[in-house]
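The structure under discussion appears below in the form of structure tokens.
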Amino acid sequence: TMLGVVTTDALVASDVWRKMVQIAVNRSFNQITVDGDTSTNDTVIALASGLSGSTRISSLISHEAIQLQACLDAVMQGLAKSIAWDGEGATCLIEVSVNGAENEADAAKVARSVASSSLAKAAVYGRDPNWGRIACAAGYAGIPFQPNKLRISLGEILLMEGGQPLPFDRAAASNYLKKAGETHGTVGIHISIGDGAGRGQAWGCDLSYDYVKINAEYTT
Amino acid sequence: MSSSVSEASNYITAAPIFLPDGPWKQIPGGVTAAKGFKAAGLYGGLRAKGEKPDLALVACDVDAISAGAFTTNVVAAAPVVYCKNALDMSKTARAVLINAGQANAATGDAGYQDVIECANALAKLLQMRPEEVLIESTGVIGHRIKKDALLNSLPKLVSSLSSSTEGADSAAVAITTTDLVSKSVAIESEVGGTNIRVGGMAKGSGMIHPNMA
Numbered sequence: 040t041m042l043g044v045v046t047t048d049a050l051v052a053s054d055v056w057r058k059m060v061q062i063a064v065n066r067s068f069n070q071i072t073v074d075g076d077t078s079t080n081d082t083v084i085a086l087a088s089g090l091s092g093s094t095r096i097s098s099l100i101s102h103e104a105i106q107l108q109a110c111l112d113a114v115m116q117g118l119a120k121s122i123a124w125d126g127e128g129a130t131c132l133i134e135v136s137v138n139g140a141e142n143e144a145d146a147a148k149v150a151r152s153v154a155s156s157s158l159a160k161a162a163v164y165g166r167d168p169n170w171g172r173i174a175c176a177a178g179y180a181g182i183p184f185q186p187n188k189l190r191i192s193l194g195e196i197l198l199m200e201g202g203q204p205l206p207f208d209r210a211a212a213s214n215y216l217k218k219a220g221e222t223h224g225t226v227g228i229h230i231s232i233g234d235g236a237g238r239g240q241a242w243g244c245d246l247s248y249d250y251v252k253i254n255a256e257y258t259t
Numbered sequence: 043m044s045s046s047v048s049e050a051s052n053y054i055t056a057a058p059i060f061l062p063d064g065p066w067k068q069i070p071g072g073v074t075a076a077k078g079f080k081a082a083g084l085y086g087g088l089r090a091k092g093e094k095p096d097l098a099l100v101a102c103d104v105d106a107i108s109a110g111a112f113t114t115n116v117v118a119a120a121p122v123v124y125c126k127n128a129l130d131m132s133k134t135a136r137a138v139l140i141n142a143g144q145a146n147a148a149t150g151d152a153g154y155q156d157v158i159e160c161a162n163a164l165a166k167l168l169q170m171r172p173e174e175v176l177i178e179s180t181g182v183i184g185h186r187i188k189k190d191a192l193l194n195s196l197p198k199l200v201s202s203l204s205s206s207t208e209g210a211d212s213a214a215v216a217i218t219t220t221d222l223v224s225k226s227v228a229i230e231s232e233v234g235g236t237n238i239r240v241g242g243m244a245k246g247s248g249m250i251h252p253n254m255a
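Line by line, the protein sequences are chains E and D. For the first sequence, the positions run 40 to 259 when my numbering is used. For the second sequence, the positions run 43 to 255 when my numbering is used.
Set out below in structure tokens:
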């Protein structure tokens, strides 16, 4: 289960605030995954006191609303990433960035599909730069794209371009994963699926033996 | 039964927070950074084992504009159903009560009654309307909350409310379950030329694939 409480002293109208919060949740908490299980209790509550004395925001497209939305997105993304970073049994955070999609929602869906893949997560834990599993998880996301437009890199290391697997320094790629695991750092998976303007991110973590151990003991 | 707020905030370390770049600066304080907010977290005897804080409260001095996003799992927990109803009834809220240990999910009508009783008891203490009190729960699914322990801890929880960073940090610890770290962050930025603050806390480590609406 994830729970969140967000507070602000900005002054904002109720209907605008409720829309802003859902947009921010879609760009943050709804883009994380640890085990693919959607809890019975997931909740984010967001409260705005209005005590900052700022201009009252009554339109979602006003300049002030765009500024406040960016702040809300940032705080929720920071918290969402810390949940994925602290995933049960995790040794590293996995950040999947997708671009070239038709729109933000499509990119987000592909990103989350890859971040949710148990096989991709296990490969990261095994320090295996398994681009095939990443391509597979992008392919079953339910978003159509030209396979010959698929581009995948792991950190700075290009693994696939134009749908063609590339020769790459396997030891360097494995070391990139190993270092992230040793420092509880971040593994960056960058995917391009075409020429569209849509881009999105998702966050997850690697899948370790400890995940099973923790959850075999935590019983109802 | 209730540990002090300062002890609570040191129970587990804080997660590193990776904020995206932007026209803001990170400041201390989490949920209490924004004007008008106080928080507290303490051990109320709800957890199955150990004495890590397990009860948190975030309160606002004024009627705060409220919003919520909730699981789309159809076996929604009692606090989720309760909050959705409360947000339908009122555009504002004044407090969020969070318990860790029992999820109060799959607990039927009795579980829903527990939520009502806790909200009413806190509303009375804070002298506000019950629908201005929102509730979140996390922990083992299928178990009802240890209501007596929770109700007995409310006076101490309310008197521990603080607008300090410690208040926010103790609340962030008290909402954790299998988390290894607490999650709390705040930023300051400008909106329309005025300085505003946005802060928050979260928990989560397992059963994580949110689809909230």
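C-beta atoms are modelled at their ideal positions from N, C-alpha and C, and glycine is treated no differently.
Cross-chain neighbours of residue i in chain E, by beta carbon under 7 Å
i                      : result
residue 127 of chain D : Within chain E, no residue comes near residue 127 of chain D; the closest Cβ sits about 13 Å away, beyond 7 Å.
residue 61 of chain D  : 113, 117
residue 245 of chain D : 41, 42
residue 118 of chain D : 79
residue 217 of chain D : 42
For residue i: DSSP bridge partner residues
i                      : result
residue 77 of chain D  : In DSSP, residue 77 of chain D forms no bridge with anything.
residue 213 of chain D : Residue 213 of chain D is not bridged to any residue.
residue 232 of chain D : D/237
residue 232 of chain E : None, per the DSSP bridge assignment.
residue 57 of chain D  : BP columns for residue 57 of chain D are empty, so no partner.
residue 227 of chain E : E/134
residue 75 of chain E  : DSSP, once it has assigned bridges, lists no residue as partnering residue 75 of chain E.
Under the three-state DSSP convention, the category residue i falls into
i                      : result
residue 244 of chain D : strand
residue 43 of chain D  : Bear in mind that a pLDDT of 37 at residue 43 of chain D, under 50, signals an unreliable position, so the number given afterwards is only what the model happens to contain. In this structure, residue 43 of chain D counts as coil in the three-state DSSP scheme.
residue 222 of chain E : coil
residue 209 of chain E : helix
residue 185 of chain E : coil
residue 291 of chain D : Residue coverage of chain D in this structure runs from 43 to 255, which leaves residue 291 of chain D outside it and unanswerable.
residue 58 of chain E  : helix
residue 195 of chain E : coil
residue 131 of chain D : helix
residue 225 of chain D : strand
residue 138 of chain E : strand
residue 84 of chain D  : strand
residue 169 of chain D : coil
residue 207 of chain D : helix
residue 174 of chain D : helix
residue 156 of chain D : helix
residue 52 of chain D  : coil
residue 163 of chain E : helix
Delimiting residues of the alpha helix (DSSP H) encompassing residue i
i                      : result
residue 153 of chain E : 143-155
residue 131 of chain E : Element bounds for residue 131 of chain E: n/a, residue is neither H nor E.
residue 48 of chain E  : Counting along the chain, residue 48 of chain E falls outside any alpha helix (DSSP H), and DSSP gives it neither H nor E.
residue 141 of chain D : Unbroken run through residue 141 of chain D is the beta strand (DSSP E), 134-144; no alpha helix (DSSP H).
residue 172 of chain E : 170-178
residue 199 of chain D : 189-201
residue 252 of chain E : 248-256
Partner residues on chain D for residue i, Cβ-Cβ distance less than 7 Å
i                      : result
residue 60 of chain E  : 109, 111
residue 57 of chain E  : 109
residue 200 of chain E : By Cβ distance, chain D contributes nothing, its closest Cβ being about 27 Å from residue 200 of chain E, past 7 Å.
residue 127 of chain E : 220, 247, 248
Cβ distance (whole Å) where residue i is taken to contact residue j below 8 Å
i                      : j                      : result
residue 228 of chain E : residue 184 of chain E : In fact, because the Cβ distance is near 16 Å, the residues do not count as touching under 8 Å.
residue 54 of chain D  : residue 222 of chain D : 7 Å
residue 243 of chain D : residue 122 of chain D : The pair is not a contact, with the Cβ atoms about 18 Å apart (cut-off 8 Å).
residue 242 of chain E : residue 154 of chain E : 6 Å
residue 146 of chain E : residue 237 of chain E : 4 Å
residue 113 of chain D : residue 82 of chain E  : 7 Å
residue 67 of chain E  : residue 116 of chain E : 4 Å
Chain-ordered chain E contacts of residue i [CB-CB under 9 Å]
i                      : result
residue 259 of chain D : Outside the modelled stretch of chain D, which goes from 43 to 255, sits residue 259 of chain D, for which no answer is possible.
residue 121 of chain D : 80, 82
residue 96 of chain D  : Here the premise fails: no neighbours, minimum Cβ distance about 13 Å.
residue 166 of chain D : Those do not exist, as residue 166 of chain D stays about 20 Å from chain E at its closest Cβ, beyond 9 Å.
Residue i, enclosing beta strand (DSSP E) - first and last residue
i                      : result
residue 103 of chain E : Run containing residue 103 of chain E: none in the beta strand (DSSP E); it sits in the alpha helix (DSSP H), 102-124.
residue 103 of chain D : 97-112
residue 241 of chain E : 237-244
residue 70 of chain E  : Residue 70 of chain E -> no beta strand (DSSP E), and no H or E assigned at all.
residue 83 of chain E  : 82-87
residue 69 of chain D  : 66-69
Cutoff 8 Å: residue i Cβ touching any chain B Cβ
i                      : result
residue 253 of chain D : Any reference to chain B falls outside this structure, whose protein chains are E and D.
Chain E contact residues for residue i, given Cβ-Cβ distances below 8 Å
i                      : result
residue 205 of chain D : Within chain E, no residue comes near residue 205 of chain D; the closest Cβ sits about 11 Å away, beyond 8 Å.
residue 236 of chain D : 91, 92, 93, 94
residue 140 of chain D : 42, 44
Chain-ordered chain D contacts of residue i [CB-CB under 9 Å]
i                      : result
residue 73 of chain E  : 246, 247, 248, 249, 250, 251
residue 228 of chain E : Simply none; closest approach about 16 Å.
residue 69 of chain E  : 111, 252, 253, 254, 255
Near the ligand GDP: residue i beta-carbon under 7 Å from a heavy atom
i                      : result
residue 207 of chain E : This structure lacks the ligand GDP, and indeed carries no ligand of any kind.
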